[in-house]
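According to my numbering, the sequence shown holds residues 265 to 656 in order.
Structure first, then comments.
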Amino acid sequence: MSLSKGGLVACRRFFCALILLSITACDRHSTPDWDKPGNSVPAAAASEAPKALATPAPVQAAAPATIAPPAAVVDQEEVSAAGLRFITYNVKNWLSMDRYVDRKSLKNAPKPDSEKDAVIALIVRHAPDAVGLCEIGTAEDLADVQQRLKSAGLDLPHLHYTGGSDAVRHLGFLSRFPITATANPENTEYKIQGKVYAINRGILDVSIEARGKPYHFIGVHLKSKREIEDGDQEESLYKSADVIEKQLKLKKENSAKFPETNIGKQFKSASDIILDDIPVSVIKLEHGSFDTHTNQRAKQDKLLKDFSDALLAFKESMVKANMWNNVLVITYSEFGRRAAQNGSGGTDHGTAAPHFITGGKVKGGFYGKQPELDDLVQGDLKFKVDYRNIYS
């Protein structure tokens with residue numbers, strides 16, 4: 265059985281990419297040597313490493329009054345029924361550091377419970393599906409936020425923790441929906457007047473899938489008050505934006521290796537269209553020469569291998585972009601083949617043919633009923649499924 269002159273249709277479902285670019289001011293008492301990539305402890309303080317790893321004690325106002333949580337936690341299903349609710353929040357030093365609390369100077373102390381309770385209450389009020397967090401200390405600190413939210417009625421079971429060369433403050437992400445992909449940028453450096461600087465708190469790059477739709481988040485925590493020798497803060501922000509833009513382009517870049525066959529190049533073009541968010545619903549490809557009246561076995565072997573190799577590369581590109589669950593590849597054909605071989609090692613035109621349907625949401629298996637070779641109609645197989653039902 266074979267395809268005749270045929271092709272493929274790649275159907276694309278709605279894709280929504282939500283990008284977070286969070287620039288949040290922080291106090292001047294930041295981690296030492298913020299601007300030096302790969303060096304969060306200045307050389308002069310190397311002998312005092314334990315102290316250097318904690319932010320110097322700030323002069324801190326009295327703790328804010330605890331914000332009482334709402335009487336009833338907002339139902340997440342009701343809030344996010346129409347889409348995905350996402351918020352970002354600077355939790356301000358949810359970490360252990362030298363602090364001044366209640367007129368007492370404390371060494372390497374955690375964030376006071378009263379301040380933690382206030383943060384938790386604010387987040388719970390919004391009943392988000394996902395939260396991006398700045399100024400998280402350790403992975404255990406992020407888990408602490410997660411557990412406190414759950415105790416307050418907001419369950420975000422999936423988390424991602426990341427950062428840069430800054431050993432003190434990091435970025436965190438909590439989600440109600442499964443995390444499907446994460447990435448750690450290899451290079452966050454840039455130059456100003458020949459000197460190297462970096463986004464030292466790293467770039468958070470995480471993807472999730474919610475209700476069948478993929479979402480991609482990029483998160484950063486940039487310093488608004490940073491001392492730049494022979495430069496200025498505005499230039500630093502522009503350079504940081506360039507680094508972030510490169511990360512976005514890397515996420516879109518089609519890194520899959522496509523074969524140099526005709527169908528391989530077509531699949532590559534289809535993949536580029538999807539990754540570039542061009543608003544099309546259906547992409548038509550052609551893979552011909554299945555009209556095999558002679559030497560069918562050798563021709564079929566090559567044609568199906570070319571199709572298989574191209575489809576595999578297409579799948580790889582979609583999986584890497586978290587899009588495989590949102591595309592559907594369907595084959596189509598003008599006509600089928602007869603069951604019996606002719607005198608030239610091929611088959612003549614017939615009424616029935618097999619078809620392939622592939623995609624991340626497709627449940628694999630054989631659909632329809634296997635045609636009987638001893639129950640033909642004038643040499644043709646009896647088709648079991650009307651092809652129009654496939655495309656509808």
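Positions of the beta carbon are idealized from the N, C-alpha and C atoms, including for glycine.
| Item | Value |
| --- | --- |
| DSSP beta-bridge partners of I400 | W358 and H434 |
| Beta-carbon contacts of E473 that lie in its chain and below 8 Å, excluding the five residues immediately before and after | F441, P442, T444, Y479, N586 and N589 |
| Per-residue DSSP class, three states only, for V363 | Per the sequence shown, residue 363 should be read as Arg rather than Val. Strand at R363. |
| Contact check, L420 vs V395, beta carbons under 8 Å | yes |
| Proximity below 8 Å, CB of A520 to CB of K625 | no |
| F554 (DSSP reduced to helix, strand or coil) | coil |
| Contacts around Q410, its chain only, beta-carbon distance under 7 Å, and the 5 residues preceding and following it disregarded | L420, L423 and L438 |
| Inter-residue spacing [alpha-carbon to alpha-carbon] between R601 and L645 | 8 Å |
| Per-residue DSSP class, three states only, for F350 | strand |
| Cβ pair W428, T446 closer than 8 Å | The question names Trp, but residue 428 is Gly in the sequence shown. Cβ atoms of G428 and T446: not closer than 8 Å. |
| Helix, strand or coil at E499 [DSSP, three-state] | helix |
| Inter-residue spacing [alpha-carbon to alpha-carbon] between A416 and M582 | 38 Å |
| The alpha helix (DSSP H) enclosing I463, as first and last residue numbers | Premise fails: I463 is in no alpha helix (DSSP H) and is neither H nor E. |
| Minimum C-alpha distance to V507 - residue among A373, K627, V484 and D638 | V484 |
| Per DSSP, cross-strand counterpart(s) of P478 | E473 |
| Cutoff 8 Å; reference A604; Cβ partners in own chain excluding five residues on either side | T611 and G643 |
| Three-pair Cβ contact test at 8 Å for the segment 554 to 563 versus the segment 536 to 543 | no |
| Candidates P376, Y461, K633 and A577: closest to A616 by CA position | K633 |
| Residue environment, R475, which counts as buried when at least 16 other CB atoms sit within 10 Å | exposed |
| Cβ neighbour criterion (16 or more within 10 Å) applied to F630 | exposed |
| Distance, R389 Cα to R349 Cα | 12 Å |
| Backbone CA spacing between R367 and S378 [nearest angstrom] | 15 Å |
| CB of N359 within 8 Å of CB of I387, strictly | For the record, residue 359 in the displayed sequence is Leu; it is not Asn. Result no, Cβ atoms of L359 and I387 do not sit closer than 8 Å. |
| Whole-angstrom distance between R561 and G609, CA atom to CA atom | 8 Å |
| A600 - DSSP class collapsed to helix/strand/coil | Checking the sequence shown, residue 600 turns out to be Gly, not Ala. Strand, per DSSP. |
| Local conformation of L370 per DSSP, three classes | strand |
| Pair within 8 Å by beta-carbon distance, L549 and Q564 | no |
| Host alpha helix (DSSP H) of Y425 (start-end) | Note, Y425: premise wrong, no alpha helix (DSSP H); beta strand (DSSP E) at H422 to T426. |
| Three-state secondary structure assigned by DSSP to D644 | strand |
| Three-state secondary structure (DSSP) of G614 | strand |
| Close Cβ partners of A308 (< 8 Å) along its chain, the five nearest in sequence each way excluded | Note on A308: pLDDT 33, under 50, position unreliable in the model; the coordinate value appears next. Counting only Cβ-Cβ distances below 8 Å, and skipping sequence neighbours, we find nothing. |
| Simplified DSSP assignment, three categories, for Y655 | helix |
| CB contact flag (K466, L418, <8 Å) | It should be pointed out that residue 466 corresponds to Gly in this sequence rather than to Lys. Contact: no. |
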